[in-house]
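Asker:
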Amino acid sequence: MTVKAVNDVCKVTKSTNSGTPELSKSRTLEIKFQSGQVVKEPKEIAQQLFDDISGLGTSKAIESHLSQLTKDNIIQVLEQYKAISKSQGEEESLLKAIYGEMWGSRSTPKKYAEMIFNKLYEKSAELGVKNNVLKEKQLEELNALSSQFAVNLGLADCSNVEFFVDEIVKRIGIRNTLLEAHSKKVDEAGDDVFANEATVASLENICEMSEVNSIDILGNGKLDGDLKQVHENCWALATLNAFSANPEIKESIENMLYKKDGVVSFYLAEAGEVYSLTEKELVKATEEGYVLGDGDAVAILSAVDKYFKSIGDEDCQDSKNSSNTIDRMFELLLGDYCHRESFTLSDIQSGEFVRTYNVSANTIIQMADKISKGEPYAGVFTFSEDLEVEKISAYDALAEPETIKVFPSHVYSFFASDEQYYYFKDSNDPASYIRMPYQSLNSAFDAAIYRYR
274 MTVKAVNDVC
284 KVTKSTNSGT
294 PELSKSRTLE
304 IKFQSGQVVK
314 EPKEIAQQLF
324 DDISGLGTSK
334 AIESHLSQLT
344 KDNIIQVLEQ
354 YKAISKSQGE
364 EESLLKAIYG
374 EMWGSRSTPK
384 KYAEMIFNKL
394 YEKSAELGVK
404 NNVLKEKQLE
414 ELNALSSQFA
424 VNLGLADCSN
434 VEFFVDEIVK
444 RIGIRNTLLE
454 AHSKKVDEAG
464 DDVFANEATV
474 ASLENICEMS
484 EVNSIDILGN
494 GKLDGDLKQV
504 HENCWALATL
514 NAFSANPEIK
524 ESIENMLYKK
534 DGVVSFYLAE
544 AGEVYSLTEK
554 ELVKATEEGY
564 VLGDGDAVAI
574 LSAVDKYFKS
584 IGDEDCQDSK
594 NSSNTIDRMF
604 ELLLGDYCHR
614 ESFTLSDIQS
624 GEFVRTYNVS
634 ANTIIQMADK
644 ISKGEPYAGV
654 FTFSEDLEVE
664 KISAYDALAE
674 PETIKVFPSH
684 VYSFFASDEQ
694 YYYFKDSNDP
704 ASYIRMPYQS
714 LNSAFDAAIY
724 RYR
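Residue numbers (the numbering used here): 274 to 726.
Put into structure tokens, the structure is as follows:
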């Protein structure tokens, strides 16, 4: 065969016996080249990797085959590998298959895992997916896995590392969906995108009077502004506050947000759809009282409202009222449902959330301890009406604490803990924290707790 071009899409024609290409009756094939090598289809790469690991081919070729992974084919190769393994009897991920082999050196499977992650990160970077926190945790887990002797024997449990592969693939999928819907909204909006400057100034003045930071009232693709409750939607705001308190979970939720060209878009997991607002619509929604202080939170709650209306749920027609349960926002953001009503913290699996009316002080303490060790948990709680707590300033460490009573029908989000106190955020007053000693935790009677991984 004769190659007519290199490092590009090239035409290869079947040669005659004389060695010259047939022009009149030639069968033309398209072959792509990259870095001097033929780029194969994802299914073929996956099959080669499966054969390498299964021993049907040469295991020495696995690194060569892994080197054919690119940012553009990595996800398809991973999908095809699962499909091929399933057709042969048991579905298995490529990463799990690699760690199911015996290796003379633990650095070998680690290198192969890194080859997979590098291409996923390249694709993420191309799309603007945020993975800073995730990558840090992924490296920690991969190093921890690589220190185990079980890796040499092919007996290591790589599920903690495998989580990150699945999560990055998920984030890439959401970002592609976001970009497509966002672009459509921008085109539809045309020039009718930006809010009137006088209206924005009026909102900034309202924020100032409410002691709320107004720097993010038009949204920026992050949950980094104050959340000041205007209506009875603490069930939603407490969840956003709780998720934002943990860097890992916050990054995950922020990957469902996108802001560009005066439009904020949000992917609502339960709906499986993207909802977009122009800055003009965002200001109007803020004026309607979804939340004050963070335009991205306004976009999220507006998306929830649109979804409620689309499904015609009689119990959930307005995100601004108190008719929803303490765990409803977990369902909406995660696209999943409560896994159990009664639990101990050790029962909660990766990606699960639970709800209980009988939460114990010990459960909150255990959760706080896990969070202090860097584990990604989030929780929202309600407390009995006779509980007295201290309200402390979020910005002035020298300010004297104020003794107040909690609202029994109000939802508080866990924020942090130290040796003496447990701290909760109150969406009624984002400029302060509620702090309470161990004994006060016994007054908790309702909770929803989420474990990210």
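All residues carry an ideal CB built from backbone N, CA and C; glycine is no exception.
Where do the N-terminal and C-terminal ends of the beta strand (DSSP E) with Thr381 fall, by residue?
Answerer: As a working mapping, residue 381 is identified with position 108 in the sequence shown. Per DSSP, Thr381 is not a residue of any beta strand (DSSP E); the alpha helix (DSSP H) it occupies stretches across Ser380 to Leu400.
Asker: Could you check what DSSP says for Glu552 in three-state terms: helix, strand or coil?
Answerer: Residue mapping note: residue 552 aligns to position 279 of the sequence shown, counting from 1. Looking at Glu552 - three-state DSSP - the assignment turns out to be helix.
Asker: Where does Phe697 fall in DSSP's three states?
Answerer: Here residue 697 refers to the residue found at position 424 when the sequence shown is read from its first residue. Phe697: strand per DSSP, three-state reduction.
Asker: Going by DSSP in three states, Thr629 sits in which element: helix, strand or coil?
Answerer: In the sequence shown, counting from the first residue as 1, residue 629 sits at position 356. Strand.
Asker: Per DSSP, what kind of secondary structure is Tyr354 in: helix, strand or coil?
Answerer: By 1-based counting over the sequence shown, the position of residue 354 is 81. The answer is helix: DSSP assigns Tyr354 an H, G or I state.
Asker: To the nearest angstrom, how far is the alpha carbon of Leu513 from that of Asp465?
Answerer: Translated into the one-based positions of the sequence shown, residue 513 becomes position 240. Translated into the one-based positions of the sequence shown, residue 465 becomes position 192. Taking the straight line joining both Cα atoms gives about 29 angstroms.
Asker: Check whether the Cβ atoms of Val684 and Cys507 sit closer than 7 angstroms, and answer yes or no.
Answerer: As a first step, residue 684 is located in the sequence shown; it is residue number 411 there, counting from the start. As a first step, residue 507 is located in the sequence shown; it is residue number 234 there, counting from the start. In contact: Val684 and Cys507 (Cβ atoms closer than 7 angstroms).
Asker: Who are Thr676's beta bridge partners in DSSP?
Answerer: Residue numbering aside, residue 676 sits at position 403 when the sequence shown is read from its first letter. For Thr676, DSSP records a beta bridge to Glu663.
Asker: Within the present structure, is the beta-carbon of Leu491 separated from the nearest heavy atom of the ligand HEM by less than 6 angstroms?
Answerer: Although the ligand HEM was asked about, the structure shown includes no ligands whatsoever.
Asker: Let me know if Asp719 comes out buried or exposed under the rule of 16 or more other beta-carbons within 10 Å of its beta-carbon.
Answerer: Mapped onto the sequence shown, residue 719 falls at position 446. Buried is the call here.
Asker: Does Gln321 pass the burial test, meaning 16 or more other C-beta atoms within 10 Å, or should it be called exposed?
Answerer: Residue 321 sits at position 48 when you count from the first residue of the sequence shown. Its Cβ being crowded by 16 or more others within 10 Å, Gln321 is buried.
Asker: Can you give, in chain order, each stretch of the alpha helix (DSSP H) that sits fully within the segment 503-538 and has at least 4 residues?
Answerer: Scanning the segment 503-538 for uninterrupted alpha helix (DSSP H) segments of 4 residues or longer gives 507-517 and 520-527, listed from N- to C-terminal end.
Asker: Counting pairs of beta carbons, one from the segment 611-621 and one from the segment 569-586, are three or more of them closer than 8 angstroms?
Answerer: no
Asker: Measure the C-alpha to C-alpha separation of Leu618 and Ile644 and round it to an integer number of angstroms.
Answerer: Counted from its first residue, the sequence shown places residue 618 at position 345. Counted from its first residue, the sequence shown places residue 644 at position 371. Those two C-alpha atoms are separated by around 12 angstroms.
Asker: Can you tell me the Cα-Cα spacing of Ser420 and Lys369, whole angstroms?
Answerer: Residue numbering aside, residue 420 sits at position 147 when the sequence shown is read from its first letter. Residue numbering aside, residue 369 sits at position 96 when the sequence shown is read from its first letter. Near 17 angstroms, if we compare the C-alpha coordinates of Lys369 and Ser420.
Asker: Note down the Cα distance separating Gly562 from Leu555, rounded to an integer number of angstroms.
Answerer: Within the sequence shown, residue 562 is the residue found at index 289, counting from 1. Within the sequence shown, residue 555 is the residue found at index 282, counting from 1. Each residue's Cα considered, the two are about 11 angstroms apart.
Asker: Which class does Arg601 belong to by DSSP, given the choice of helix, strand or coil?
Answerer: What you label residue 601 is simply residue 328 of the sequence shown in a count that begins at 1. Correct three-state label for Arg601: helix.
Asker: Please check the pair Phe626 and Ile722, which I expect to be a contact at CB under 8 angstroms, by giving their CB distance rounded to whole angstroms.
Answerer: Looking up residue 626 in the sequence shown gives position 353. Looking up residue 722 in the sequence shown gives position 449. Confirmed, Cβ separation roughly 6 angstroms.
Asker: Alpha carbon to alpha carbon, what distance is there between Gly328 and Tyr358?
Answerer: Start at 1 with the first residue of the sequence shown, and residue 358 comes out as number 85. Start at 1 with the first residue of the sequence shown, and residue 328 comes out as number 55. Strictly speaking, residue 358 in this sequence is Ser, with Tyr absent from that position. For Ser358 and Gly328, the distance between alpha carbons rounds to 13 angstroms.
Asker: Excluding five sequence neighbours on each side, which residues of the same chain lie with their C-beta closer than 7 angstroms to the C-beta of Pro710?
Answerer: Counted from its first residue, the sequence shown places residue 710 at position 437. Gln693 and Tyr694, listed in sequence order.
Asker: Whether or not the segment 381-389 and the segment 409-424 are in contact is what I'm after, with contact meaning three or more pairs of Cβ atoms, one per stretch, closer than 8 angstroms; do they touch?
Answerer: yes
Asker: Can you find at least 3 beta carbon pairs, one from the segment 344-351 and one from the segment 385-400, that sit closer than 8 angstroms?
Answerer: yes
Asker: Please work out which residues of its chain come closer than 7 angstroms, Cβ to Cβ, to Glu552, disregarding the five sequence neighbours upstream and downstream, and give them in chain order.
Answerer: Taking the first residue of the sequence shown as 1, we reach residue 552 at position 279. Cβ neighbours of Glu552 beyond the five flanking positions: Val466, Phe467, Ala468, Leu491 and Gly535.
Asker: What is the DSSP secondary structure of Thr636, counted as helix, strand or coil?
Answerer: Along the sequence shown, read from residue 1 onward, the residue named residue 636 stands at position 363. Note: Thr636 maps to helix in three-state DSSP.
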